[in-house]
Every structure is written in structure tokens, then in C-alpha cells.
Amino acid sequence: MTAIDQSKIRNFCIVAHIDHGKSTLADRIIEKTGLLTSREMQAQVLDNMDLERERGITIKAQAVRTVYQAQDGEEYIFNLIDTPGHVDFNYEVSRSLAACDGAILVVDAAQGIEAQTLANVYLALDHDLDVFPVINKIDLPSADPQRVIEEIEDVIGIEAQDAPLISAKNGIGIEEVLEQIVKKIPAPKGDPTNPLQALIFDSVYDSYKGVIIFCRVMEGTVKKGTVIRMMATGAREEVVEVGYFGAGQFIPCEELSAGMVGYITASIKNVKDTAVGDTVTDDNNPCAVPLPGYKKVQSMVYCGLYPADGSKYPDLRDALEKLQLNDASLFYEPETSVALGFGFRCGFLGLLHLEIIQERLEREYNLDLVTTAPGVVYKVHKTNGEVIELTNPSNLPDPSEIEYMEEPVVNAEIMVTSEFIGSIMELCQERRGKYLGMEYIEGTRALLKYELPLNEIIYDFFDALKSRSRGYASFDYDLKGYERSNLVKLDILINREEVDALSFIVCADSAYERGRKMCEKLKDEIPRHLFEIPIQAAIGGKVIARETVKAMRKDVLAKCYGGDITRKKKLLEKQKEGKKRMRQFGNVEIPQKAFMSVLKLDDKN
Ligand SMILES: Nc1nc2c(ncn2[C@@H]2O[C@H](COP(=O)(O)OP(=O)(O)OP(=O)(O)O)[C@@H](O)[C@H]2O)c(=O)[nH]1
């Protein structure tokens with residue numbers, strides 16, 4: 004097969020605020036375009052595809068190739084690269100954008116620009132992508148496309164007068180979007196005869212093929228037999244297959260050359276070797292420098308994961324190992340807790356990432372988990388000059404050994420309608436936010452800029468934001484760096500014994516308040532026992548708050564007058580079920596929910 008004409012390739016992504024219709028538009032684009040160019044059809048690549056179909060690969064690809072027959076009579080290859088839609092994955096988003104030459108900006112015709120629209124579009128413009136807007140959901144009665152066009156021009160400053168007005172849901176205006184992709188997104192550049200330089204923007208593990216690298220070739224050519232080297236990780240392997248992904252399957256091809264997007268397999272065993280953002284080069288003819296922008300992923304949020312049933316520890320270890328095969332940003336190491344026994348300290352990109360992993364462990368691996376409160380990474384500067392990165396509050400050195408501590412802070416942008424500005428500012432203030440400024444957009448909405456400590460937003464900030472703005476606020480943030488702060492460790496004592504898994508780090512100014520609320524929460528969560536249970540919050544041995552769970556005999560059958568044995572059985576079963584989720588600590592049983600209770604302390608929620 005002869006090389007593909009670079010001028011007929013378009014590499015792009017779709018950026019949008021959540022729910023503005025990105026996935027629906029992507030589906031429509033794929034639906035209205037073909038799988039192969041007419042020349043490829045004759046070459047019978049389809050034989051290879053059946054093989055893939057038999058194996059039933061169901062990996063969701065980060066990049067889909069389709070072929071569009073344009074109005075100028077030419078065939079264009081579209082590579083649609085997916086970008087994750089959540090701030091937790093901002094780095095992955097930036098690498099996906101770096102693999103594109105242009106972006107479609109989808110904006111909801113009724114809602115207009117939102118915080119994520121701005122964050123994503125600025126990210127795309129930062130990567131020098133050509134961005135063109137599309138107004139979606141024009142079928143909605145509340146749609147006001149003209150207002151949204153003006154908003155895009157005023158706020159973002161890009162031309163929007165000829166933006167296609169579409170309904171992705173009803174398939175209206177899609178043809179115009181396809182034509183604009185051809186006209187407004189530039190063809191890729193790069194020389195196929197240069198040394199290989201390809202950007203990894205995603206990789207997935209397949210038990211049969213090994214790691215499948217999704218990449219954009221910037222310079223040079225890669226084919227079966229090329230010995231490739233990942234420049235940052237140093238991994239080296241011979242290429243087994245190259246190809247692209249289309250119509251739900253992997254389609255092998257002869258080579259990937261400059262400007263193309265596709266996949267490479269090379270019997271690599273671990274996604275850790277193929278880090279997102281790394282550069283693939285030819286080991287025998289390497290490029291001079293790697294592509295810019297590579298960053299090692301860093302966990303932002305840590306928590307302890309423990310099996311509810313201690314005997315399931317090996318199962319949890321196996322499950323984490325399997326998940327990590329496919330998720331290089333998941334970190335874990337064994338730890339022990341006095342309260343919870345053997346488990347793991349795990350690191351995540353953010354709370355959403357944590358929730359996804361927790362959910363997968365529970366659903367796919369059938370594990371009952373106890374999760375300790377998530378926390379951020381603190382930097383502890385000790386008096387002897389040593390700096391510790393603290394991921395588990397229990398490991399905090401003795402206060403006499405601490406010179407000072409630092410915590411991560413973020414730059415946050417909150418978009419909100421004017422009537423809620425007051426209550427959102429109040430919320431940011433409560434969360435130790437530093438006000439940076441405010442911009443009005445279209446008169447009725449404002450973009451608030453705050454600097455906030457990360458540990459104030461990983462808990463219930465998003466929920467609080469939503470409830471205080473009746474769902475109207477949207478939010479985006481970026482890690483800024485570390486700042487010195489007056490922090491203390493708050494310990495919780497139940498029945499006069501410290502429960503290490505409940506300790507957390509908190510700003511000294513709000514320690515009293517947090518301690519009090521925490522005790523109140525725990526009082527509600529911990530069931531009554533045969534004896535009285537004091538719940539105390541303490542800093543460095545000094546008790547600052549106390550609640551008591553009164554003694555009571557718990558008789559679940561008390562409600563069952565009459566002799567309905569099935570009903571009794573059901574209740575006893577239910578109680579047994581509840582038991583599994585409890586942790587025995589000393590004489591006290593603590594339900595799993597209690598360990599997460601530090602998360603929801605906002606009164607106004
Ligand atoms: N009325 C109307 N609804 C639409 C249109 N396009 C998408 N939707 C709906 O809007 C919702 C969100 O659409 P998605 O395509 O999932 O949005 P998204 O931006 O991909 O959202 P995330 O995947 O959550 O980031 C879905 O319920 C769609 O059915 C449209 O043109 N008109």
C-alpha cells in the first residue's frame with residue numbers, strides 16, 4: 004500500500020463542558036463517515052479484522068479513525084481523539100490535545116459557556132490548536148444560539164458567526180460540521196523520512212497483545228520490526244504490529260508515518276513502561292530530543308483501602324495489581340493500621356479517580372472495602388533539614404521534630420450566575436480561599452477566581468458548590484504549588500483509644516470546629532452498644548471535643564410482634580449483612596460509613 008497523503012488527514016478532538024453533547028456529536032461523526040478509503044477496501048484489510056472480531060476486543064479506544072467523502076470529491080481521513088472530561092485527568096487531556104491539530108468546541112445553545120468550556124478551550128489554544136465552535140442542542144425550546152455565538156466571540160475571542168448550528172441528538176447540521184473539519188482544521192506536518200518521534204497519548208493493556216500504545220507520529224515512520232524506545236522510561240521493544248482503530252476494532256496496517264494517529268504493539272507487559280506524554284523513537288536511529296511536555300504522573304489524593312473482611316487481603320492485593328496493569332496513575336503500597344489491620348495506602352489523581360477505582364474493586368472484584376478519609380500530600384520540613392512527603396497522617400513525626408509544614412494549593416475558577424455570587428464567595432472564604440478576582444460574562448454570570456488549599460476542595464467542595472448555587476455553579480482547578488500553612492493532626496479517640504484510621508490533618512484555625520463536627524457525625528454513625536462510648540477529638544493528646552454514644556441493648560426483633568418467622572429471618576439476615584460492614588475496634592464496632600464521615604461536614608449541604 005502506498006503512503007497516505009498527509010494533506011488528506013485531519014487530527015482533532017472535541018472539547019466541551021460536561022453534558023454539552025461531546026459524546027453524542029462524536030457518535031454522529033462516526034456514523035456519518037466510513038471505515039476505509041476506497042483504496043483500502045480493495046486491499047482486503049477486512050480479513051484481518053475478522054480475526055479481531057472473533058477475539059471480541061472491547062477496549063474503548065482513545066482514538067478513532069474514520070473516512071469522510073467531502074463535498075470537494077476527495078476522501079479525508081479523520082482521527083478523532085478522545086479527551087477525558089474531568090479535572091482529575093487534566094494532564095491526560097493536555098497530552099491528547101498535543102496529539103491533535105485542531106479542536107471542535109461544542110457549546111450548549113441553552114447554557115452557553117461554562118467553567119470547563121473555558122478551561123478546555125484555553126488548554127486547546129495553549130497547544131496552538133485551531134479551534135472552531137459548534138452550537139449544539141438547537142432543538143431545545145430554551146436554545147438561544149445567537150446569544151451563545153456572541154458569548155463565544157466576547158469571552159473566548161474566536162470567530163463564531165459561521166458556527167454550525169446543530170442538534171447532535173437529532174442529527175441536524177452534522178454535514179456542516181464534517182465540512183468545517185476539512186476546511187478549518189489544518190493538515191498535519193512532519194517528514195516521514197526523519198528519525199521517529201511519536202507522542203504517546205494513551206495506552207491500554209490487553210492480555211493477548213500486551214500493551215497497546217496509542218500515539219501520534221510527529222516525525223518519521225514506524226512499522227513492524229522497528230525497535231522502539233520510550234525516551235522517558237527507557238523501555239525498548241521490537242514492534243509486532245501497527246494499525247489504527249475504527250468501527251470498534253483494531254485494524255493493522257503496514258506503517259504509521261508522520262502525521263498519522265494509530266496504535267503500536269510490541270509485547271510490552273506493563274503500562275508503566277509507556278507513560279502518557281512519553282516519546283517513542285527508533286532505537287537504531289533516535290531523534291535528537293523528546294517531544295516537550297512530558298510529566299511523571301503524581302498522585303494528588305491518598306487514602307487507605309482495607310478489606311472489610313481481613314481474610315480478603317490477598318484478593319485486594321491481586322485486584323490492585325490487575326487494575327494497575329491498565330492504570331499507570333494508580334499507586335499503592337501495603338500498610339497496616341491498628342484499627343483496620345492489613346491494607347494498602349493508595350494514591351489517586353483526584354477524588355473521581357479514587358471513586359472509580361473503589362467502585363471497580365467492589366463491582367468487578369467483588370470486594371467489600373473500608374476506605375479511610377482521603378487526604379492530600381503534605382510536605383513536612385523537619386528541624387534536622389529533612390523533608391518528608393506525608394501521605395498518611397499517622398506517620399506525622401512528633402511536633403517537636405517539625406519545623407513547618409506545607410500544603411498543596413490550587414488556582415480555582417468558578418462560574419456562577421450573579422445571584423449566587425455572595426453565597427459562593429462565603430463558601431470559598433470558609434474554605435480558606437484567597438480571592439484573586441472576578442470577571443463578568445454577559446452581564447448575568449461571573450467567573451470567580453480563588454486560590455484554595457487542595458485539602459479544602461477534595462472533600463465536599465463540589466457538592467457544597469452545587470447546593471449553594473442550586474446546581475448552577477461550575478468549577479475547574481489547576482495545581483499551583485505548595486504553601487506554608489499552620490497544620491495540625493486531629494486524632495479521634497473512641498472509647499478512649501485512638502483510632503489511627505480516623506486521624507486527619509487540618510488547618511489549626513478550623514481544628515476545633517472540625518473536631519466538634521466529626522464527633523457529632525461519629526455519634527450518629529456508631530450504633531449503641533451495651534456500654535457507654537465516649538468519642539473524643541484531640542490534638543497532641545489534648546481533648547478538644549467530646550460526644551457520647553449512650554448504652555443500649557440492641558434488639559432487632561423487638562419490632563416483630565407476632566410470629567412471622569420469615570420476617571424475623573429477614574431482619575436477622577439484614578443485621579448480618581450490616582455486620583460485615585462493621586469493624587471491631589476494641590469492644591466497639593465502627594461501621595464503614597464512619598470512616599468516610601470526615602468527608603461531609605458542610606452544614607449547609
Ligand atoms: N436536546 C438535545 N439533547 C442533546 C443533544 N446532544 C446531546 N444531548 C443530550 O445531552 C446529554 C449529554 O450528552 P453527551 O453527548 O453525553 O455529553 P458529553 O458532553 O459527552 O458529556 P460527558 O460525556 O458527561 O462529558 C445527553 O442526555 C444527550 O442525549 C442535542 O442536540 N439536543
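If you're matching positions, the sequence shown starts at 4 in my numbering and goes up one per residue. In this text, a Cβ means the ideal position worked out from N, Cα and C, and glycines have one as well.
Checklist entry - Once you ignore the five residues that flank isoleucine 33 on each side, which residues in its own chain have a CB closer than 7 Å to its CB? => result Val67 and Thr69
Next on the checklist: Given 7 Å as the limit, tell me if lysine 140 has its C-beta closer than that to any heavy atom belonging to ligand 1.
Outcome noted: yes
Item to check | glutamine 72 - DSSP class collapsed to helix/strand/coil | outcome: strand
Next on the checklist: Rounded to the nearest angstrom, what separates isoleucine 405 and histidine 384 at their Cα positions?
Outcome noted: 6 Å
Checklist entry - When burial is assigned at 16 or more other CB atoms within 10 Å of the CB, is arginine 31 buried or exposed? => result buried
Next on the checklist: Less than 8 Å between the beta carbons of tyrosine 309 and leucine 372, yes or no?
Outcome noted: yes
Checklist entry - Applying the criterion that 16 or more other CB atoms from any shown protein chain within 10 Å of the CB defines a buried residue, is glycine 543 buried or exposed? => result exposed
Item to check | Those residues which DSSP pairs with phenylalanine 347 across a bridge | outcome: Leu308 and Pro337
Next on the checklist: Quick check: the segment 213 to 220 against the segment 305 to 323, are at least 3 beta-carbon pairs closer than 8 Å?
Outcome noted: no
Checklist entry - What's the call for glutamine 327, buried or exposed, on a 16-neighbour Cβ count within 10 Å? => result buried
Checklist entry - Touching or not, the segment 103 to 111 and the segment 183 to 190, by the rule of three or more beta carbon pairs under 8 Å? => result yes
Checklist entry - From which residue to which residue does the alpha helix (DSSP H) around phenylalanine 465 run? => result 464 to 471
Checklist entry - Grouping DSSP H, G and I as helix and E and B as strand, with all else coil, what is lysine 25? => result helix
Item to check | In chain order, each beta strand (DSSP E) run of at least 3 residues that lies wholly inside the segment 112 to 144 | outcome: 133 to 139
Next on the checklist: Less than 8 Å between the beta carbons of glutamate 410 and glycine 436, yes or no?
Outcome noted: no
Checklist entry - In whole angstroms, what is the alpha-carbon distance linking aspartate 157 and leucine 38? => result 39 Å
Checklist entry - By Cβ distance, which residues of its chain are closer than 8 Å to lysine 25, with the 5 residues on each side in sequence left out? => result Ile17, Val18, Ala19, Gly88 and Val109
Next on the checklist: I'd like the list of long-range same chain contacts for arginine 473, defined as Cβ closer than 8 Å, with 5 residues on each side in sequence excluded.
Outcome noted: Phe423
Checklist entry - Is there at least one non-hydrogen atom of ligand 1 closer than 7 Å to the beta-carbon of isoleucine 177? => result no
Next on the checklist: Within the continuous beta strand (DSSP E) that includes valine 230, where are the two ends?
Outcome noted: 230 to 233
Item to check | Terminal residues of the alpha helix (DSSP H) in which glutamine 595 lies | outcome: 595 to 598
Checklist entry - Identify the residues that DSSP records as bridge partners of glutamine 78: which are they? => result The question names glutamine, yet the displayed sequence has glutamate at residue 78. Glutamate 78 pairs with Gln72.
Checklist entry - Exposed or buried, which one is glycine 425 when buried takes at least 16 other CB atoms within 10 Å? => result exposed
Next on the checklist: Within 10 Å of its beta-carbon, does lysine 545 have 16 or more other beta-carbons around it, so buried, or fewer, so exposed?
Outcome noted: exposed
Item to check | Burial state of lysine 524 (16 or more Cβ within 10 Å) | outcome: buried
Checklist entry - In terms of alpha-carbon separation, which member of Tyr125, Leu493, Thr120 and His130 lies closest to isoleucine 138? => result Thr120
Next on the checklist: On the DSSP letters alone, give me the boundaries of the beta strand (DSSP E) that serine 314 sits inside.
Outcome noted: No beta strand (DSSP E) holds serine 314; DSSP gives it neither H nor E.
Checklist entry - What number of angstroms, rounded off, separates the C-alpha of valine 552 from the C-alpha of proline 295? => result 58 Å
Item to check | Assigned exposure category for phenylalanine 610 - 16 Cβ within 10 Å defines buried | outcome: In the structure as shown, the chain starts at 4 and stops at 608, and residue 610 therefore has no counterpart that could be examined.
Checklist entry - Since aspartate 276 contacts alanine 311 with CB under 8 Å, what's their CB separation in whole angstroms? => result With 8 Å as the limit, aspartate 276 and alanine 311 do not qualify as a contact, their Cβ atoms being about 34 Å apart.
Item to check | Contacting residues, own chain, Cβ-Cβ under 8 Å from tyrosine 485 (five flanking each side not counted) | outcome: Lys382, Glu409, Glu410, Pro411 and Val412
Next on the checklist: On the DSSP letters alone, give me the boundaries of the alpha helix (DSSP H) that tyrosine 94 sits inside.
Outcome noted: 93 to 101
Checklist entry - Taking arginine 320 as the reference, which of Met418, Phe347, Leu468 and Asn273 has the closest Cα? => result Phe347
Item to check | Local Cβ density within 10 Å of methionine 555, reported as buried at 16 or more and exposed below that | outcome: exposed
Checklist entry - What are the partner residues of cysteine 290, as DSSP defines its beta bridges? => result The partner list for cysteine 290 (beta bridge, DSSP) is empty, contrary to what the question assumes.
Checklist entry - What span of residues does the alpha helix (DSSP H) with isoleucine 427 cover, start to end? => result 424 to 433
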